[in-house]
Amino acid sequence: MAEIRDKILWITGASSGIGRALVLRLADHNNFVIASGRRREALAELQQFAPTRIRILDCDVADDSATASTFERLKDLTDHLDGVIACAGTCEYDNDLQLETAMYRRVFDANFFGVVNTLRCALPLLAASTSPLFAALGSLSSVVPFPRAEAYGSSKAALDYFLASVRADTCHTDLKVVLVRPGFVDTPLTAQNDFAMPFLISAERAAEFIEEGLARGKSVIDFPLRLSLPLRFLGFFRSLWFRFCTTKISRIRTLRKS
Ligand SMILES: NC(=O)c1ccc[n+]([C@@H]2O[C@H](COP(=O)([O-])OP(=O)(O)OC[C@H]3O[C@@H](n4cnc5c(N)ncnc54)[C@H](OP(=O)(O)O)[C@@H]3O)[C@@H](O)[C@H]2O)c1
Numbered sequence: 000m001a002e003i004r005d006k007i008l009w010i011t012g013a014s015s016g017i018g019r020a021l022v023l024r025l026a027d028h029n030n031f032v033i034a035s036g037r038r039r040e041a042l043a044e045l046q047q048f049a050p051t052r053i054r055i056l057d058c059d060v061a062d063d064s065a066t067a068s069t070f071e072r073l074k075d076l077t078d079h080l081d082g083v084i085a086c087a088g089t090c091e092y093d094n095d096l097q098l099e100t101a102m103y104r105r106v107f108d109a110n111f112f113g114v115v116n117t118l119r120c121a122l123p124l125l126a127a128s129t130s131p132l133f134a135a136l137g138s139l140s141s142v143v144p145f146p147r148a149e150a151y152g153s154s155k156a157a158l159d160y161f162l163a164s165v166r167a168d169t170c171h172t173d174l175k176v177v178l179v180r181p182g183f184v185d186t187p188l189t190a191q192n193d194f195a196m197p198f199l200i201s202a203e204r205a206a207e208f209i210e211e212g213l214a215r216g217k218s219v220i221d222f223p224l225r226l227s228l229p230l231r232f233l234g235f236f237r238s239l240w241f242r243f244c245t246t247k248i249s250r251i252r253t254l255r256k257s
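Just so you know, we're using numbering that gives the first Met the number 0 here: the sequence shown kicks off at 0 and counts up by one.
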């Protein structure tokens, strides 16, 4: 299995789920990992697993005004970054098509603007590396339109485009831009789901897929294949998705009148 070794990495969303599993795995492979999240206690607990290879940097990636101070604190920890994996994110569903703007903004703040802020913060330190890498966690939910996922799915679709555009913009540089699209992973984020999650995998297995994909130089890392393959097929033939799938999973039967 391909591995990432001896790099200096920054991982956001490290206080739980996929980000946490990635920190543990990559620290175990002798990388120096800066782990971020808002919950300092959870990060401090994580650091105990490899105190010499894990440093913690608590920050709110959705807070645009904190980017400058996060950058200064990053610079105190390292003079360059070989890689960033932006895992920080959130999920809220729009039940019954309420279209509450505040909820949409919360989701976009973490999932989209959080990644923009992370890249802004990291770019000068990535520029100081000989083989810089920037990866962010999208989702297979942006491949086909799921009911109730208007906010979450569109924040991830916007992220797909953002990363592709950054990739186009930096094609004459050494920066490697990577989109990671997991299927269902067993984490606190999916614990709220009240529907069947086909091919659910553990956060540790997700971290394995991500490290393997990054080490192999992939630009898009979709997993697990058993879910990504049929979804990509249905994403291509979208009329089939609407005809055969959404009619089975949508819960709305009548439009709300007030
Ligand atoms: N689980 C899945 O099935 C799945 C599938 C597809 C994609 N994803 C994506 O994978 C990523 C990780 O998800 P997960 O399942 O591991 O979820 P999780 O266990 O809930 O972890 C989310 C992480 O993001 C951090 N976070 C959230 N908002 C933040 C903010 N404003 N600033 C800084 N950190 C913030 C949280 O830390 P604090 O609370 O400490 O800030 C936490 O560490 C997300 O982007 C998610 O959309 C997950």
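Ideal placement from N, C-alpha and C gives every residue a C-beta, glycine not left out.
For valine 176, which of Ser218, Gly88, Thr66 has the nearest alpha-carbon?
-> Here the question's residue 176 lines up with position 177 in the sequence shown. By alpha-carbon distance to valine 176, the top candidate from Ser218, Gly88, Thr66 is Ser218.
Buried or exposed for asparagine 29, please, with buried defined as at least 16 other CB atoms from any protein chain shown within 10 angstroms of its CB.
-> Here residue 29 corresponds to residue number 30 of the sequence shown, with the count starting at 1. Under this definition asparagine 29 is an exposed residue.
What are the complete beta strand (DSSP E) segments, minimum 3 residues, inside the segment 25 to 67?
-> List check, beta strand (DSSP E) in window: 31 to 36, 53 to 57.
What is the rounded straight-line gap between the Cα of leucine 73 and the Cα of leucine 254?
-> On the sequence shown, residue 73 is found 74 positions in, with the first residue counted as 1. On the sequence shown, residue 254 is found 255 positions in, with the first residue counted as 1. Straight-line Cα distance between these residues: approximately 49 angstroms.
Leaving out five residues on either side along the sequence, give the residues of the same chain with a beta carbon under 7 angstroms from the beta carbon of aspartate 78.
-> In the sequence shown, the residue the question calls residue 78 occupies position 79. Cβ within range, chain order: Ala127.
Using 10 angstroms around the beta-carbon of leucine 56, count the other beta-carbons present and answer buried if the total reaches 16, otherwise exposed.
-> Counting from one through the sequence shown, the residue named residue 56 turns up at place 57. So leucine 56 ends up on the buried side.
Cβ of phenylalanine 161 within 7 angstroms of any heavy atom in ligand 1?
-> To locate residue 161, count along the sequence shown from 1; it is residue 162. Incorrect: phenylalanine 161 has no Cβ contact closer than 7 angstroms to ligand 1.
Closest by C-alpha distance to alanine 61, when choosing among Ser238, Gly82, Gly216, Val106 | Here residue 61 is taken as the residue at index 62 of the sequence shown, counted from 1. Among Ser238, Gly82, Gly216, Val106, the Cα nearest to that of alanine 61 is on Val106.
Going by DSSP, what residues sit across from threonine 11 in a beta bridge?
-> Stepping through the sequence shown from its first residue, residue 11 is reached at position 12. According to DSSP, threonine 11 bridges with Ala85.
Quick one: what does DSSP say serine 153 is sitting in, helix, strand or coil?
-> Reading the sequence shown from its first residue, position 154 is the one you call residue 153. In the displayed model, serine 153 falls within a helix according to three-state DSSP.
Closest by CA to threonine 69, which one among Thr100, Leu122, Glu210?
-> Along the sequence shown, read from residue 1 onward, the residue named residue 69 stands at position 70. Nearest of Thr100, Leu122, Glu210 to threonine 69, Cα basis: Leu122.
Could you tell me which residues DSSP pairs with arginine 180 in its beta bridges?
-> Your numbering for residue 180 matches position 181 in the sequence shown. In DSSP, arginine 180 forms a bridge with Asp221.
If you follow the beta strand (DSSP E) that phenylalanine 243 is part of, which residue opens it and which one closes it?
-> The residue labelled residue 243 in the question sits at position 244 within the sequence shown. Run containing phenylalanine 243: none; DSSP gives neither H nor E here.
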